[in-house]
Amino acid sequence: MIRVLFVGDVFAAAGRRVLGSHLPSLRSRADFIVVNMENAAGGFGLHREGADGALKAGAHCMTLGNHAWHHKDVYVLMQDEGTYPIVRPLNYSDPGTPGVGWRSFDVKTAQGTERLTVVNLLGRVFMEAVDNPFRAMDTLLERDDLGSVFVDFHAEATSEKQGMARYLDGRVAAVIGTHTHVPTADTRILPGGTAFQADAGFTGPYESIIGSDPHGPIERFVTERPHRYGAADGPAELNGVFVQIEGNRAVGIERYRYVEGQESGGQLS
0 MIRVLFVGDV FAAAGRRVLG SHLPSLRSRA DFIVVNMENA AGGFGLHREG
50 ADGALKAGAH CMTLGNHAWH HKDVYVLMQD EGTYPIVRPL NYSDPGTPGV
100 GWRSFDVKTA QGTERLTVVN LLGRVFMEAV DNPFRAMDTL LERDDLGSVF
150 VDFHAEATSE KQGMARYLDG RVAAVIGTHT HVPTADTRIL PGGTAFQADA
200 GFTGPYESII GSDPHGPIER FVTERPHRYG AADGPAELNG VFVQIEGNRA
250 VGIERYRYVE GQESGGQLS
């Protein structure tokens, strides 16, 4: 059995801080840790500081999303695959897109070594125009060397995330959503054995509007005019999902949340 911890979108300095301080305490609960880092650099993209911090804290793999290309550091980091295990979205149409959309790992567990493949997908509903993520997964799953498959589906619409999970049910071990930054309460194992949660939530400032200082978004909502958004400060939260996997089937899934200053050990639900 592979015990996977997936940590939702790390957002700006507050997210990097709580990841660095709290993730080490969770490492004994997981054989493999995946962290979505697409908001790590000030809320947009991944830079070297964020990548180094995540690896030091215990991440084994870093996924991205629609802000994958926002920070120039990511192009250099992707060239050093041995040091930076980054997985960017799979479903870009350009075959020359830097990096890789999936990556397989040999994970040491209590029972031995097992193969785990991490996939990153981008949704298309209310998002940028990219290739069909459903068809991209069909093509990938034609391979027979993937082992257990864990999917980070970075998408806006809950319906698209549910659709992907149902479409892949029984073919992958887990489909966990990211991007909306708000954890959902639909944690479950689908009939075919695929673990699902529409959004893992985010890792960033607790007193915020999905990471931003509330002033900017509220002014925009009230005045209907553009306002500058800045990352919020103060205490941070870490949201994630624990998934237990056996033979490309989930046998357990639990939501996890920790808020700085509110509790010492976080909570499973």
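First residue of the sequence shown? That's 0 in numbering that gives the first Met the number 0, and the numbers climb one at a time after it. Virtual Cβ for every residue (Gly too), placed ideally from N, Cα, C.
{"Query": "Nearest by alpha-carbon distance to A12: which of A156, H46 and A194 is it?", "Result": "H46"}
{"Query": "Counting beta carbon pairs with one atom in the region 52–63 and one in the region 20–29, are three or more of them shorter than 8 Å?", "Result": "yes"}
{"Query": "Using a Cβ-Cβ cutoff of less than 8 Å, which residues in the same chain neighbour G146 once the five nearest sequence positions on both sides are dropped?", "Result": "S103, E113, R114, L115, T116 and N247"}
{"Query": "Could you check if G49 is buried or exposed, using at least 16 other CB atoms within 10 Å of its CB as the buried criterion?", "Result": "buried"}
{"Query": "Is the beta carbon of N131 sitting closer than 8 Å to the one on N90?", "Result": "yes"}
{"Query": "Which residues in the same chain have their Cβ closer than 7 Å to the Cβ of H21, if we skip the five residues on either side of it in sequence?", "Result": "L237 and Y257"}
{"Query": "Could you give the distance in angstroms between the alpha-carbon of T193 and the alpha-carbon of V174?", "Result": "7 Å"}
{"Query": "Just to check my reading of the structure: R227 and G210 have Cβ atoms closer than 8 Å, yes? What is that Cβ distance to the nearest angstrom?", "Result": "With 8 Å as the limit, R227 and G210 do not qualify as a contact, their Cβ atoms being about 14 Å apart."}
{"Query": "Looking at the strands, I want to know which residues DSSP matches up with T179.", "Result": "According to DSSP, T179 bridges with nothing at all."}
{"Query": "Would you tell me roughly how many angstroms separate the C-alpha atoms of L76 and Y83, rounded to the nearest one?", "Result": "6 Å"}
{"Query": "Could you pull out every unbroken alpha helix (DSSP H) segment of at least 4 residues lying fully inside the region 37–125, listed in chain order?", "Result": "47–56 and 72–78"}
{"Query": "In or out: A109 buried (at least 16 other Cβ within 10 Å) or exposed?", "Result": "exposed"}
{"Query": "Just reading off the beta strand (DSSP E) that A156 is part of, what are its end residues?", "Result": "No beta strand (DSSP E) contains A156, which DSSP labels as neither H nor E."}
{"Query": "Within this structure, are the beta carbons of M126 and A154 separated by less than 8 Å?", "Result": "yes"}
{"Query": "Looking at the structure shown, is D8 part of a helix, part of a strand, or coil, going by DSSP?", "Result": "coil"}
{"Query": "Which of the three DSSP states, helix, strand or coil, is assigned to S263?", "Result": "At S263, the pLDDT of 49 sits below 50, so the modelled position is not reliable; the number obtained from the coordinates is stated separately. Looking at S263 - three-state DSSP - the assignment turns out to be coil, as it is neither helix nor strand."}
{"Query": "Taking the alpha carbon of G98 as the reference point, which residue from K107, P88 and P234 has its own alpha carbon closest?", "Result": "P88"}
{"Query": "Look at V9 and R15 and say whether their C-beta atoms are less than 8 Å apart.", "Result": "yes"}
{"Query": "Quick one: using the 10 Å Cβ neighbour count with 16 as the cut-off for buried, is Y255 buried or exposed?", "Result": "buried"}
{"Query": "Which residue comes first and which comes last in the alpha helix (DSSP H) that contains G215?", "Result": "H214 to T222"}
{"Query": "Check each candidate in D151, V171, V34 and G52 and name the one with the smallest Cα separation from D144.", "Result": "V171"}
{"Query": "Helix, strand or coil for L237? Go by DSSP, reduced to three states.", "Result": "strand"}
{"Query": "Is the distance from the Cβ of G64 to the Cβ of T177 below 8 Å?", "Result": "yes"}
{"Query": "Specify the secondary structure class of A29 as computed by DSSP and reduced to three states.", "Result": "coil"}
{"Query": "Take D185 as the anchor and find which of Q161, G81, P204 and T202 has the nearest alpha-carbon.", "Result": "Q161"}
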